[in-house]
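**Q**
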Amino acid sequence: MPEGIRLTFRPMVESDLGVARYVAHEAMDALDRSQGVAPQPWIPADPAAQRHLLHTDPDGAWVAELNGVVAGFSMALQRGDIWYLSQLFVQPDQHGHGIGRELLRRAQAYGRERGARVFAVVATTSPVAHGLYMRAGMFAIGVGYRMTGQLAPLEELPPIRGEFAAADAHLDAIAALDREVFGAERRLDHGYYLDATKGSGAQSSFVLLRDDALRGYCYAVADGGFIAPMATYEPADQLPLLRTAASWLSQHGVSTGNIFVLSQNHTLMNALLDAGWRSQRSSFLLTSAPFAKFDRYHPAGASLL
0 MPEGIRLTFR PMVESDLGVA RYVAHEAMDA LDRSQGVAPQ PWIPADPAAQ RHLLHTDPDG
60 AWVAELNGVV AGFSMALQRG DIWYLSQLFV QPDQHGHGIG RELLRRAQAY GRERGARVFA
120 VVATTSPVAH GLYMRAGMFA IGVGYRMTGQ LAPLEELPPI RGEFAAADAH LDAIAALDRE
180 VFGAERRLDH GYYLDATKGS GAQSSFVLLR DDALRGYCYA VADGGFIAPM ATYEPADQLP
240 LLRTAASWLS QHGVSTGNIF VLSQNHTLMN ALLDAGWRSQ RSSFLLTSAP FAKFDRYHPA
300 GASLL
């Protein structure tokens, strides 16, 4: 660190969220430029997902400051014995000073203190980030694709066998499904998903019921046409949920959808590719140990998994 520069670390507070989001944008902008990809414009927005994590896992959130100015941050969550690094970003011109390594160490300490069995992260294509995570014991097991396409073809998927209802009346059954396919309950996160979708209408959450039993759930958000998370006991039951979410979005004036899908989920990947969807960006799922049934658990995205 240059002389006269003081590097400090402290727990994140809510007033850090806005600048943290800007640091993340700057880091992704630099990565895009280094790979010949046109960077995305900076658009200020409410950091709702990060605020949710700061409330549920405050001890997993850290910032690094240079002379009192935020230059990097990390945020981690833990559900059951599964620890997940939601975000770790450092200002591009401050790489090489060990900031990212120390932010990761502090975030992982949160998991170790809580008895985490699994440490996982969705990483960008940055070789530097991969080296950092591999040295911390996490290795790639899959590719994540940010895909986009027209919703209309998804409405031609096979019709349901069963009936649909809103998710908020079936939270105990959803918790049981999450234990089976994710490996831990996600009650805190479902509370956030349900709250986040209220503005788009209560029926932006769906559960698939068959023979009086819950077989799966899915969320759809009109803002951006986002479909996720989704989980089912059987991989094939993802298709009627995908069809229903696409139909709901279409009815609410959305024509183009977005989804973050892992390479292990052949059911969703094949359905999306057959519908003409295309990958816009890729990332990698790294983990210290196997977890989740990703052929039937479709993550909320790279931030919340």
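Positions 0 to 304 (numbering that gives the first Met the number 0) are the ones given, in order, by the sequence shown.
The beta carbon of each residue, even a glycine, is placed where N, CA and C say it ideally should be.
Please read all numbers here as calculations on a predicted model, not as lab measurements.
Distance, Cα to Cα, H129 vs V68?
**A** Their backbone Cα atoms lie some 26 Å apart in a straight line.
**Q** Following the continuous alpha helix (DSSP H) through Y144, name the residue where it begins and the one where it ends.
**A** Counting along the chain, Y144 falls outside any alpha helix (DSSP H), though it belongs to the beta strand (DSSP E) covering 138-149.
**Q** Which ranges does the alpha helix (DSSP H) cover as unbroken runs of at least 4 residues, wholly within the region 161-188, from first to last along the chain?
**A** 170-180
**Q** Per DSSP, which residues does E64 bridge with? Please list them.
**A** For E64, which the question treats as bridged, DSSP gives the partners T7, V69.
**Q** Can you tell which of G110, T124, T7 has the C-alpha that lies nearest to the C-alpha of F118?
**A** Closest option to F118, Cα to Cα, is G110.
**Q** Whole-angstrom Cβ separation of A183 and G79, contact assumed at under 8 Å?
**A** Between A183 and G79 the beta-carbon gap is near 3 Å, inside 8 Å, which marks them as a contact.
**Q** When you compare the CB positions of G59 and Q77, do they come within less than 8 Å of one another, or not?
**A** yes
**Q** Can you tell me which residues form a DSSP beta bridge with Q86?
**A** M74
**Q** Identify every residue that forms a DSSP beta bridge with A212.
**A** In DSSP, A212 forms a bridge with R209.
**Q** Can you tell me whether H189 is buried or exposed, with buried defined as 16 or more other CB within 10 angstroms of its CB?
**A** buried
**Q** Go through its chain and collect everything with a Cβ distance to A44's Cβ below 8 Å, but skip five positions before and after it.
**A** R20
**Q** Between A201 and the rest of its own chain, which residues show a CB-CB distance below 8 Å, the 5 nearest in sequence each way excluded?
**A** Confidence at A201 is low in this model, with a pLDDT of 38, below 50, so the placement of that residue should be treated as unreliable; the coordinate-derived value is given next. Around A201: A165, D167.
**Q** Taking only runs that begin and end inside the region 82-130, name each unbroken beta strand (DSSP E) of 3 or more residues, in chain order.
**A** 117-122
**Q** To the nearest angstrom, how far is the alpha carbon of A70 from that of H24?
**A** 12 Å
**Q** Go ahead and pull the three-state DSSP assignment for H251.
**A** In the three-state DSSP reduction, H251 falls in the coil class, being neither helix nor strand.
**Q** Within a Cβ cutoff of 8 Å, which residues of the same chain sit near V142, ignoring the five residues on either side of it in sequence?
**A** Here the set comprises L261, S262, S281, S282, F283, L284.
**Q** Note down the Cα distance separating P157 from K292, rounded to an integer number of angstroms.
**A** 23 Å
**Q** Could you pull out every residue in the same chain whose Cβ sits closer than 8 Å to the Cβ of L248, ignoring the five residues on either side in sequence?
**A** Closer than 8 Å at the Cβ level, and outside the excluded window around L248, lie L150, A219, A221, G224, I226, G256.
**Q** Classify A274 as helix, strand or coil using the three-state DSSP reduction.
**A** coil
**Q** With DSSP collapsed to three states, give me the class of Y218.
**A** strand
**Q** For S203, count neighbouring Cβ atoms within 10 angstroms of its own Cβ and tell me buried if that reaches 16, exposed if not.
**A** buried
**Q** Straight-line CA distance for V36 to V89?
**A** 20 Å
**Q** State buried or exposed for N269, treating a residue as buried only when at least 16 other CB atoms are found within 10 Å of its CB.
**A** exposed
**Q** Would you kindly check if the distance between the Cβ of A48 and the Cβ of S302 is under 8 Å?
**A** yes
**Q** Please list the terminal residues of the continuous alpha helix (DSSP H) segment that includes A47.
**A** Residue range 47-55 is occupied by the alpha helix (DSSP H) that includes A47.
**Q** I think L207 touches I258, with their Cβ atoms under 8 Å apart; what is that distance to the nearest whole Å?
**A** Between I258 and L207 the Cβ distance is about 18 Å, and since that is not below 8 Å, they are no contact.
**Q** Could you tell me which residues DSSP pairs with F293 in its beta bridges?
**A** Answer is none; F293 lacks a bridge partner.
**Q** Checking the sheet assignment: what are the DSSP bridge partners for E204?
**A** As written in the sequence, residue 204 is Ser, which differs from the Glu given in the question. Its beta-bridge partners are Y218.
**Q** Please report how far the alpha carbon of R295 lies from the alpha carbon of H265, in whole angstroms.
**A** 9 Å
**Q** With DSSP collapsed to three states, give me the class of Q237.
**A** helix
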